[in-house]
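Peer 1: My questions all concern the structure below.
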Amino acid sequence: MIAAEERGLPAWPAETTRGYRDFRPPPLPTGTRVTEHPSESMRLGSAWHALLQQAGTPQPATLARAQLARTFLLPDELAGQAIVAAERVRTAPSLERFFRPGVRADNELELIDRDGDTLRIDRLVEFEDAVWVLDYKWRLGEDAMPAYRRQLRRYAQTLMHAGVQKPVRLLLIAADATAVEVPAGPDADGEGPADAWAA
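Position 34 (the sequence shown) corresponds to 106 in my numbering; numbering is contiguous.
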């Protein structure tokens, strides 16, 4: 056998095992800090998410408006809006079953997709007949809907690849308790219709 160097070729290892981490950005140097400054609207959304995470727990923690305002650096008025929005969603006739005490659910569920990317599901609820993926958006603007649909379908594909046997259903939920179900598979135009629910 002629050595690789003798042929003017680099000597590659005989076998190379590469995982998705080989293709991810390198970590920041030790001691480097990345300072993020979320906007007020982002902090409002985070407060609303946090309140919805408490829904359905045996003894849900209650955040007073002042405490919520301090935690998420919000004006008192916006903290109140987050509380009202969370209660509106939790008690909407079409949505309350997703937040009942004792329902089998996970909040902020992290998954790794086939490309090695980390996905985070706002709330996953399992019933006898289906697994529901809930995704919270403060508003459901028409311009953003194609991206939202793609995001939810990515969740569904990852769950199915992970071995979930039940049908996966996808639901976008807005702060005004509007709910839009997204089909798990694209239709012919690549986007698929979305079914709006009455609150």
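Every residue, glycine too, gets a C-beta built ideally from N, C-alpha and C.
Predicted, not measured: the structure shown is a model, and the values here were computed from it.
1) Assuming Gln-125 contacts Glu-180 (C-beta within less than 8 Å), just tell me the rounded distance between them.
2) Please go through the same chain and pick out, in chain order, the residues whose beta-carbon is closer than 8 Å to the beta-carbon of Ala-216, but skip the five residues on each side of it.
3) I need the straight-line Cα distance from Leu-231 to Leu-140, nearest angstrom please.
4) For the region 214-228 against the region 147-163, do three or more pairs of beta-carbon atoms, one drawn from each stretch, fall closer than 8 Å, so that the two count as touching?
5) Ignoring anything shorter than 3 residues, give me the beta strand (DSSP E) runs that lie fully in the region 125-197, in order along the chain.
6) Bridge partners for Arg-241 per DSSP, in chain order?
7) Check each candidate in Pro-239, Glu-159, Leu-123 and name the one with the smallest Cα separation from Gly-257.
8) Would a C-beta distance cut-off of 8 Å place Tyr-220 and Leu-183 closer than the cut-off?
9) Taking all protein chains shown into account, do 16 or more other C-beta atoms lie within 10 angstroms of the C-beta of Asp-189, making it buried, or fewer, making it exposed?
10) Just how far apart, CA to CA, sit Asp-248 and Trp-120?
11) If distances are taken between C-alpha atoms only, which option among Pro-218, His-109, Pro-255, Asp-185 comes closest to Ala-234?
12) Within a Cβ cutoff of 6 Å, which residues of the same chain sit near Ile-193, ignoring the five residues on either side of it in sequence?
13) At which residues does the alpha helix (DSSP H) containing Ala-228 begin and terminate?
14) Between which two residues does the beta strand (DSSP E) carrying Ala-296 extend?
15) Would you please state the rounded distance, in angstroms, between the beta carbons of Leu-196 and Asp-178? I believe it to be under 8 Å.
Peer 2: With the given structure in hand:
1) Sequence index remark: in the sequence shown, residue 125 carries index 53 (1-based). Sequence index remark: in the sequence shown, residue 180 carries index 108 (1-based). About 7 Å; that satisfies the 8 Å criterion.
2) Within the sequence shown, the letter at position 144 stands for residue 216. Cβ within range, chain order: Lys-209.
3) If you number the sequence shown from 1, residue 231 lands on position 159. If you number the sequence shown from 1, residue 140 lands on position 68. Going by C-alpha positions, Leu-231 is about 33 Å away from Leu-140.
4) Flag = no, the region 214-228 and the region 147-163 do not touch.
5) Qualifying beta strand (DSSP E) stretches, in chain order: 176-184.
6) As a working note, residue 241 is residue 169 in the sequence shown. Paired residues: Trp-204.
7) Position 185 of the sequence shown holds residue 257. It is Pro-239.
8) The count along the sequence shown starts at 1 and reaches residue 220 at position 148. The count along the sequence shown starts at 1 and reaches residue 183 at position 111. Contact flag unset, no.
9) By 1-based counting over the sequence shown, the position of residue 189 is 117. Exposed, since its Cβ has fewer than 16 Cβ neighbours within 10 Å.
10) Against the sequence shown, residue 248 aligns to sequence position 176. Against the sequence shown, residue 120 aligns to sequence position 48. Going by the C-alpha atoms only, they are around 12 Å apart.
11) Residue mapping note: residue 234 aligns to position 162 of the sequence shown, counting from 1. Out of Pro-218, His-109, Pro-255, Asp-185, Asp-185 has the C-alpha closest to the C-alpha of Ala-234.
12) In the sequence shown, residue 193 corresponds to position 121, counting from 1. Closer than 6 Å at the Cβ level, and outside the excluded window around Ile-193, lie Leu-181, Val-205, Tyr-227.
13) As a first step, residue 228 is located in the sequence shown; it is residue number 156 there, counting from the start. Counting along the chain, the alpha helix (DSSP H) containing Ala-228 begins and ends at 217-233.
14) The shown model of the chain, from 73 to 271, leaves out residue 296, and the question about it has no answer.
15) The residue labelled residue 196 in the question sits at position 124 within the sequence shown. The residue labelled residue 178 in the question sits at position 106 within the sequence shown. With a contact defined as Cβ atoms closer than 8 Å, Leu-196 and Asp-178 qualify at about 5 Å.
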